[in-house]
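Student: Residue 316 in UniProt numbering sits at position 316 of the sequence shown, and the numbers go up by one each step. The following block contains the structure, expressed as structure tokens.
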Amino acid sequence: MSTYNLSSLWDKFLTFSTTVIDIVVIWMIILAALRIVRGKSSTMQIFKGIIFVIIVDVLAKVMNLKTLQFLTNMFINWGFLAVIIIFQPEIRTILERLGKSSFFSRMSSLSGNEKEKLVDNIVTAVRLLSADQTGALISIEKSHPLDDFIATGTRLNSDVTAELLTSIFVTSTPLHDGAVIIQGDKIACASAYFPPTTADIPSRYGSRHRAAIGISEITDAITIVVSEETGNVSIAEGGKLTTVNEQQLRKYLTHIIVGQTEENGENNDDETIIEADVHELQTKMDDTPAANEETILEAGKITAEEVIPAEQNDTTVSSSKHALQDVHEAADAAAKAASIKLPHKKKRPTPSYPKHNKSNYKQSDTSDRKQGGER
Numbered sequence: 001m002s003t004y005n006l007s008s009l010w011d012k013f014l015t016f017s018t019t020v021i022d023i024v025v026i027w028m029i030i031l032a033a034l035r036i037v038r039g040k041s042s043t044m045q046i047f048k049g050i051i052f053v054i055i056v057d058v059l060a061k062v063m064n065l066k067t068l069q070f071l072t073n074m075f076i077n078w079g080f081l082a083v084i085i086i087f088q089p090e091i092r093t094i095l096e097r098l099g100k101s102s103f104f105s106r107m108s109s110l111s112g113n114e115k116e117k118l119v120d121n122i123v124t125a126v127r128l129l130s131a132d133q134t135g136a137l138i139s140i141e142k143s144h145p146l147d148d149f150i151a152t153g154t155r156l157n158s159d160v161t162a163e164l165l166t167s168i169f170v171t172s173t174p175l176h177d178g179a180v181i182i183q184g185d186k187i188a189c190a191s192a193y194f195p196p197t198t199a200d201i202p203s204r205y206g207s208r209h210r211a212a213i214g215i216s217e218i219t220d221a222i223t224i225v226v227s228e229e230t231g232n233v234s235i236a237e238g239g240k241l242t243t244v245n246e247q248q249l250r251k252y253l254t255h256i257i258v259g260q261t262e263e264n265g266e267n268n269d270d271e272t273i274i275e276a277d278v279h280e281l282q283t284k285m286d287d288t289p290a291a292n293e294e295t296i297l298e299a300g301k302i303t304a305e306e307v308i309p310a311e312q313n314d315t316t317v318s319s320s321k322h323a324l325q326d327v328h329e330a331a332d333a334a335a336k337a338a339s340i341k342l343p344h345k346k347k348r349p350t351p352s353y354p355k356h357n358k359s360n361y362k363q364s365d366t367s368d369r370k371q372g373g374e375r
């Protein structure tokens, strides 16, 4: 084979590979755009309208419709500026994700014991807040920095403890209104402000849930919400909201923060079960937009009765030991939670003015009428 043939084949290969890469990149951009606008009905309708105009332009060229082709060409040529204006929030979200992404986060610098302690303190605090029906909003920073949102709150830079987290969200404290942001093993700030989501979500969700979904749409942070009305616990991530119980919360935080589900490699069967549970939770969070419906896996409210040990496998001795270990861990968590008492909520102050009795008004009114009749 001559050198000319080899160079010709190489040029064809480069041309083909360049075309494939070009198509793959375009499809990735389209998929990313669809993923962003998927949960927003108004944006999705605009996106469909743009696709419809492009299809009409292609048909006009095929059928040689000059006037229609002129109109569609005008729309497409000048529509670039319109697209930037219409999709300004979505474009801003993409640019923020690209600009704020980092390869190393504060969480990666922690040791395994520090990560496990962090998970224990968060789960214990959420359990107490849920049982007391105290509203809470806790956001855990991952790769996207949350410094801009920390600036809106009160800086603390204190260790993460269950006692401090529960004390912050009690309504009698000045920092209860807003979000707590956790960076690494530190509480960076309290009473932070998150922009609420603009998506259409059910009216049963309050401002905390809207703020949790909003911060999850523009960052990769994990946000835990405790409902003040029901005590239900939810996780917001990637614009999705999922209600969880204590077991699912602990497994998910362990999977995300610790990076592994079990340190002991002997319990492979139970590790597979845990990983499957975490994968199921992630799948439900990815497949269910918060704007459409809420994913309820089990009872969201965390109580002492819901500390359920892992299912025992009678076929192996290792699984029995693992189940017994889970029972002890659940008992330790219950004992720790029982030893922590939330401060009493601030009661509604009694009015300084005297209370009026409606019955007295009625009696005085009837007596006045009788006197008027006698006259």
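C-beta atoms are modelled at their ideal positions from N, C-alpha and C, and glycine is treated no differently.
Leaving out the 5 sequence neighbours to the left and right, which residues in its chain are closer than 7 Å to H356 when beta-carbon positions are compared?
Tutor: Reading the sequence shown from its first residue, position 356 is the one you call residue 356. Residue confidence is low: H356 scores 49 on pLDDT, short of 50, so the model does not pin down where it sits. Its coordinate-derived value is still stated next. Answer for H356: no residue qualifies.
Student: Excluding sequence positions up to five away, which residues of its chain have a Cβ less than 6 Å from the Cβ of K186?
Tutor: What you label residue 186 is simply residue 186 of the sequence shown in a count that begins at 1. Correct list, in chain order: N157.
Student: Taking the runs of the alpha helix (DSSP H) that are 4 residues or longer, which of them lie wholly in the stretch 138-166?
Tutor: Entirely contained in the stretch 138-166, the alpha helix (DSSP H) runs reaching 4 residues are, in chain order, 147-150.
Student: Is it right to say E311 is buried, meaning 16 or more other beta carbons lie within 10 angstroms of its own, or is it exposed?
Tutor: In the sequence shown, the residue the question calls residue 311 occupies position 311. Since pLDDT at E311 reaches only 41, below the 50 mark, its modelled position is unreliable, and the value read off the structure follows with that caveat. Exposed, since its Cβ has fewer than 16 Cβ neighbours within 10 Å.
Student: Pick from G238, I257 and E246: whose alpha carbon is nearest that of A32?
Tutor: In the sequence shown, residue 32 corresponds to position 32, counting from 1. Among G238, I257 and E246, the Cα nearest to that of A32 belongs to G238.
Student: What are the start and end residues of each continuous alpha helix (DSSP H) run of 4 or more residues lying completely inside the stretch 12-98, in chain order?
Tutor: The stretch 12-98 contains these whole alpha helix (DSSP H) runs: 41-63 and 66-86.
Student: Do you know offhand how far L6's Cα is from M28's?
Tutor: Numbered from 1 along the sequence shown, position 6 holds the residue referred to as residue 6. Numbered from 1 along the sequence shown, position 28 holds the residue referred to as residue 28. L6 and M28: Cα-Cα distance of roughly 33 Å.
Student: Between the alpha carbons of S17 and T242, how many angstroms are there, rounded?
Tutor: Here the question's residue 17 lines up with position 17 in the sequence shown. Here the question's residue 242 lines up with position 242 in the sequence shown. Answer to the nearest angstrom: the Cα atoms are 42 Å apart.
Student: Quick one: Cα of G112 to Cα of E141, how far?
Tutor: Here residue 112 refers to the residue found at position 112 of the sequence shown. Here residue 141 refers to the residue found at position 141 of the sequence shown. When rounded, the distance between both Cα atoms is 17 Å.
Student: Looking at G178: is its Cβ nearer than 8 Å to the Cβ of A190?
Tutor: Counting from 1 along the sequence shown, the entry for residue 178 is found at position 178. Counting from 1 along the sequence shown, the entry for residue 190 is found at position 190. Cβ atoms of G178 and A190: closer than 8 Å.
Student: Helix or strand or just coil, what does DSSP make of Q183?
Tutor: Locating residue 183 in the sequence shown gives position 183, counting from the first residue. Looking at Q183 - three-state DSSP - the assignment turns out to be strand.
Student: Starting from T242 and walking both ways along the beta strand (DSSP E), at which residues does that stretch end?
Tutor: Within the sequence shown, numbered from 1, the residue matching residue 242 stands at position 242. T242 -> beta strand (DSSP E) spans K240 to V244.
Student: Less than 8 Å between the C-beta atoms of D57 and T67, yes or no?
Tutor: Stepping through the sequence shown from its first residue, residue 57 is reached at position 57. Stepping through the sequence shown from its first residue, residue 67 is reached at position 67. Cβ distance not < 8 Å, so D57 and T67 don't count as in contact.
Student: Do the CB positions of I201 and I218 come within less than 8 Å of each other?
Tutor: Against the sequence shown, residue 201 aligns to sequence position 201. Against the sequence shown, residue 218 aligns to sequence position 218. No, the Cβ-Cβ distance between I201 and I218 is not below 8 Å.
Student: Taking 8 Å as the cut-off, decide whether the C-beta atoms of L165 and V226 are in contact.
Tutor: Against the sequence shown, residue 165 aligns to sequence position 165. Against the sequence shown, residue 226 aligns to sequence position 226. The answer is no: Cβ separation not under 8 Å.
Student: Kindly list the residues whose CB is nearer than 8 Å to the CB of T76, restricted to its own chain and excluding five residues on each side of it in sequence; keep chain order.
Tutor: As a first step, residue 76 is located in the sequence shown; it is residue number 76 there, counting from the start. The amino acid at residue 76 is misidentified as Thr; the sequence shows Ile. Here the set comprises V53, I54 and D57.
Student: Here's the rule I'm using: 16 or more other beta-carbon atoms within 10 Å means buried, otherwise exposed. How should E305 be labelled?
Tutor: Position 305 of the sequence shown, counted from the first residue, corresponds to residue 305. Model confidence at E305 stands at a pLDDT of 33, short of 50, so the residue's coordinates are unreliable; what they give is reported in the following sentence. The residue in question, E305, is exposed, as its Cβ has fewer than 16 Cβ neighbours within 10 Å.
Student: Going by the CB atoms, is the gap between A199 and L137 shorter than 8 Å?
Tutor: For the purposes of this step, residue 137 is taken as the residue at position 137 of the sequence shown. For the purposes of this step, residue 199 is taken as the residue at position 199 of the sequence shown. Result no, Cβ atoms of L137 and A199 do not sit closer than 8 Å.
Student: Thinking V160 and N121 are a contact (beta carbons under 8 Å), I'd like their distance in whole angstroms, please.
Tutor: Looking up residue 160 in the sequence shown gives position 160. Looking up residue 121 in the sequence shown gives position 121. Between N121 and V160 the Cβ distance is about 5 Å, and since that is below 8 Å, they are a contact.
Student: Just verifying my parser: in three-state terms, what is the DSSP assignment at T173?
Tutor: Here residue 173 refers to the residue found at position 173 of the sequence shown. If DSSP states are grouped into helix, strand and coil, T173 belongs with coil.
Student: Put E228 into one of helix, strand or coil per three-state DSSP.
Tutor: As a position in the sequence shown, residue 228 is number 228, starting the count at 1. E228 falls in the coil class under three-state DSSP.
Student: I need the straight-line Cα distance from L95 to Y252, nearest angstrom please.
Tutor: For the purposes of this step, residue 95 is taken as residue 95 along the sequence shown, with counting starting at 1. For the purposes of this step, residue 252 is taken as residue 252 along the sequence shown, with counting starting at 1. Spanning the two alpha carbons is a distance of roughly 28 Å.
Student: Just how far apart, CA to CA, sit I257 and S139?
Tutor: Taking the sequence shown and counting its residues from 1, the one referred to as residue 257 is at position 257. Taking the sequence shown and counting its residues from 1, the one referred to as residue 139 is at position 139. For I257 and S139, the distance between alpha carbons rounds to 13 Å.
Student: Could you check the C-alpha separation between V126 and I30 for me, to the nearest Å?
Tutor: Here residue 126 corresponds to residue number 126 of the sequence shown, with the count starting at 1. Here residue 30 corresponds to residue number 30 of the sequence shown, with the count starting at 1. Taking the straight line from one Cα to the other gives about 39 Å.
Student: Return helix, strand or coil for A188, following the three-state DSSP convention.
Tutor: The count along the sequence shown starts at 1 and reaches residue 188 at position 188. Strand.
Student: Which term fits G231, buried or exposed, when burial requires 16 or more other beta carbons within 10 angstroms of its beta carbon?
Tutor: For the purposes of this step, residue 231 is taken as residue 231 along the sequence shown, with counting starting at 1. By the 10 Å Cβ count, G231 comes out buried.
Student: For E229, does the count of other Cβ atoms within 10 angstroms reach 16, so buried, or fall short, so exposed?
Tutor: Taking the sequence shown and counting its residues from 1, the one referred to as residue 229 is at position 229. Exposed is the call here.
Student: Relative to the C-alpha of Q45, which candidate in L110, D220, I86 and E116 has its C-alpha closest?
Tutor: For the purposes of this step, residue 45 is taken as residue 45 along the sequence shown, with counting starting at 1. Nearest of L110, D220, I86 and E116 to Q45, Cα basis: I86.
Student: Look at the alpha carbon of S216 and the alpha carbon of I182, and state the distance between them as a whole number of angstroms.
Tutor: Indexing the sequence shown from 1 puts residue 216 at position 216. Indexing the sequence shown from 1 puts residue 182 at position 182. For S216 and I182, the distance between alpha carbons rounds to 15 Å.
Student: Measuring alpha carbon to alpha carbon, tell me which residue in P145, T171 and L81 is nearest D132.
Tutor: Locating residue 132 in the sequence shown gives position 132, where the first residue counts as 1. Of P145, T171 and L81, the residue nearest in Cα terms is T171.
Student: How many angstroms separate the CA atom of L118 from the CA atom of I224?
Tutor: Reading the sequence shown from its first residue, position 118 is the one you call residue 118. Reading the sequence shown from its first residue, position 224 is the one you call residue 224. Distance between the alpha carbons of L118 and I224: 14 Å.
Student: Does DSSP put S7 in a helix, a strand or coil?
Tutor: By one-based count along the sequence shown, residue 7 stands at place 7. Note: S7 maps to helix in three-state DSSP.
Student: Please state whether DSSP places T223 in a helix, a strand or coil.
Tutor: Within the sequence shown, residue 223 is the residue found at index 223, counting from 1. In this structure, T223 counts as strand in the three-state DSSP scheme.
Student: Are there 16 or more other CB atoms within 10 angstroms of the CB of R250, so buried, or fewer, so exposed?
Tutor: For this step, residue 250 is matched to residue 250 along the sequence shown. When all chains shown are included, R250 counts as buried.
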